[in-house]
Every structure is written in structure tokens, then in C-alpha cells.
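Heads up: the structure comes next, in C-alpha cells.
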Amino acid sequence: MADTTAIGSPQSTSLLGRLENSRLALGLLFLLPAATLLLLFLTYPLGLGVWLGFTDERVGRPGIYIGLENYEFLWNDTVFWLAVFNTLLYTVVASVLKFALGLWLALLLNEKLPFKAFLRAIVLLPWVVPTVLSAIAFWWIYDAQFSILSYVLQKFGLITGPINFLGDPTNARASVIAANIWRGIPFIAITLLAGLQTISPSLYEAATLDGATSWQRFRFVTFPLLTPIIAIVMTFSVLFTFTDFQLIYVLTRGGPVNATHLMATLSFQRGISGGNLGEGAAIAVAMIPFLLAAILFSYFGLQRRRWQQGGKD
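Here the sequence shown is numbered in the working numbering, starting from 11 and rising by one per residue.
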């Protein structure tokens, strides 16, 4: 009888039973497969890239440790600093315009419109289409001789000859930014639209009864409640834009005269095409501080959400 009592006592609870009763332990157990995948496919390549940045390794030849020589070379490399400028310009301009247009589109789709479900599906198309196919389509749109855009502008008498979209440095920068905006707007619009759906209509009714105008309702009701989602969606948008590779590589490959080279495309050119894996890895590692800044932006956005819900910052 004593043995039976001992077996059924709390002290003899199995490990599985303790896991079931502990939310933290159970949560960690469910996270274990995802954490393993991240460790294998993200942490290891990141660590390998950091190590390669301190070596002179080339394709087909193992390298040796050379310390900060790759970074010292990049510090005096004008093409590298041009790529940094292009990346920041590309990211800032594209992200700001994507946010403005995406927010406007989300507010529009949140209204009572006919065929609303169909319109939302149409909005998603640029995001669903593979990046390479979108880039090829824009490559034809921007073609120096057969551009449909130049043809339409000439028919309306706005220009006298074809525009060299991808052959002129300024035009090329504007063209790749426009293509990125076209692709990125749906992601921001649909995500913000989902956030708008969570805002209670009673808040707008109360604001209307208090005499608030449309702008005041947006300023004091919509925008504050949407801020946490804006922080998250803009963080992802900045990360996707800053590390963009496919769109630039298909459209311009960094040309003309390195005018559209981003840090990602320059890293590929130096590391894979040029064979200098150490230098290419160093360029990729130089992107990390900018990406960390975007993550911190998301962190502070989440802190604001806790404050709105009554928690401590």
C-alpha cells in the first residue's frame, strides 16, 4: 500500500508531466525544431561569413588569416562606399514611398467598396509574382528601344524620344527604386489592412460624436493604434529592401558605372564572380550594423505596444 502511494505522489511525477504543467518548458520544446533550423541555416553561414571576412580565401583555394586587411581595403575603396550610398538611398527612398502608398492603399481598401475582396486579391499580385519574373517584366518596360513606357509618353507628346532608363546613372537609380516600390507595396498594404481590421469601430464613433474630423480620427485613433504593426512591417520592409539582390542583378547587375550596385550585389560580384570570397564576405558582414539598427527599430516599436496596453516599457 505504501509503495502504491509513493508511486502516485507528486515527487514521482514524470518529466513529461512536468513539461505539460510548465508553459515555459513546453514553449521551449515547441521552439526547438525551429531553433535547430535557424542554427543550421542561419547561424552557421553567418559565423562562416564572419570568419571568411578575416581571410584571403578565394574560390578553389583555401585562405589564411589576414586580420582586418579586407576591411582596410574596403575603407579606401570608392566603389564600396558608392555601394553603401546606393544601398542607403535605395532603402530609404523605397521604404518611405512604399509605406506612404501602402498606408493609403490600406485605408482605401478598409472602406466600403464594391468588389472589395476582388480588389484585395488584385493588390497581392505584385507580391505573389516571383521577383525574377517581375524584374524581367520591368527590364522590357525599361528597354532603351522598345520600352512601352517611352512609347506611351511619346504618343501623349510628353517626350520626343525614347528614355534611356537603365543606361543613365540617375535614371537607373530611379528605375530600380520604382520597381522595388511596385513589388513591396502589397506586403505593406495588406499587413496594415489587417491591423486596421482590429481597430474597434466604436472608437471612431466616439471620436465622431466628439466632433473629430477625418484627419483627427486618423491622427489620434488610427495611427497610434497602428504604430506597433507599422514598426514591425517597416522593419521587415527595410530588411527586404536593404538586402535586395535579385531585382538589381536581373535589371542592371550594378550598372551603369556601378550606379545601382548595392552592398549585396557588390558582395556577390567580388566574392562569387570575382572569386575573392574573403572580400565578398567582408562586404556582407559590413551590412550587419545596418540590419541590427532595423531590428532595434522593431524592438522599440514593440515596447510602444506594451505601453499602449498598460505594461511597463
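We put the beta carbon where it would ideally sit given N, CA and C, even for glycine.
The structure displayed is predicted, hence computed values, not measured ones.
Which residue marks the beginning of the alpha helix (DSSP H) containing residue i, and which one marks its end?
| i | result |
| --- | --- |
| I209 | Looking at the DSSP string, I209 is not in any alpha helix (DSSP H), and its letter there is neither H nor E. |
| Y100 | 88-119 |
| M244 | 233-252 |
| A274 | 273-278 |
| V133 | 126-138 |
| A296 | Unbroken run through A296: none, as it is neither H nor E. |
| F148 | 141-151 |
Let me know the secondary structure DSSP gives residue i once reduced to three states.
| i | result |
| --- | --- |
| Y75 | strand |
| T65 | strand |
| N181 | helix |
| V162 | helix |
| R263 | coil |
| G284 | coil |
| L52 | helix |
| S224 | helix |
| N268 | coil |
| L168 | coil |
| I173 | coil |
| G70 | coil |
| Q256 | helix |
| G321 | Residue confidence for G321 is low, a pLDDT of 49 falling below 50, so the modelled location carries little weight; the figure read from the coordinates is stated next. Looking at G321 - three-state DSSP - the assignment turns out to be coil, as it is neither helix nor strand. |
| S308 | helix |
| L2 | No information on residue 2 is available, as it lies outside the stretch 11 to 323 that the chain covers here. |
| F40 | helix |
| L123 | coil |
| A154 | coil |
Work out the CA separation of residue j and residue i for me, nearest whole Å.
| i | j | result |
| --- | --- | --- |
| F250 | G112 | 15 Å |
| D254 | L272 | 8 Å |
| V231 | L213 | 7 Å |
| A292 | D220 | 58 Å |
| A217 | A204 | 21 Å |
| D66 | I76 | 7 Å |
| I209 | P234 | 11 Å |
| L176 | P43 | 45 Å |
| V139 | T53 | 29 Å |
| A269 | A131 | 35 Å |
| P266 | L36 | 54 Å |
| V142 | P196 | 17 Å |
| L34 | A45 | 15 Å |
| F156 | W150 | 7 Å |
| L306 | P72 | 36 Å |
| D87 | Y81 | 10 Å |
| T170 | I158 | 14 Å |
| Y100 | G167 | 30 Å |
| G57 | W137 | 31 Å |
| V69 | F278 | 12 Å |
| A294 | W192 | 26 Å |
| I298 | L48 | 17 Å |
| I258 | Q226 | 40 Å |
| L78 | V243 | 35 Å |
| F109 | V248 | 10 Å |
| A116 | S308 | 21 Å |
| A127 | L118 | 13 Å |
| G284 | I173 | 32 Å |
Shortest alpha-carbon distance to residue i belongs to which of the options?
| i | options | result |
| --- | --- | --- |
| I187 | F300, L47, V102, L62 | V102 |
| N190 | A116, F95, A145 | A145 |
| F310 | I239, G264, V295 | I239 |
| I74 | F64, F83, Y81 | F64 |
| T180 | L34, N96, R68, V295 | N96 |
| D178 | D153, R229, F228 | D153 |
| T201 | F166, G167, T237 | T237 |
| A182 | G194, T245, R263, P124 | R263 |
| S2 | I198, G290, F125 | Residue 2 is absent from the model: the chain starts at 11 and stops at 323. |
| N120 | A110, E215, Q207, F83 | Q207 |
| V348 | Q256, L302, L287, A303 | Residue 348 lies beyond the range of the chain shown here (11 to 323); nothing can be said about it. |
| G281 | F228, G290, V248 | G290 |
| L135 | A296, Q256, S247, G194 | G194 |
| F252 | A184, L92, A304, A147 | A304 |
| S185 | K165, F148, T245 | F148 |
Less than 8 Å separating the Cβ of residue i from some heavy atom of the ligand GDP?
| i | result |
| --- | --- |
| S308 | No copy of the ligand GDP occurs in the structure displayed, which carries no ligand at all. |
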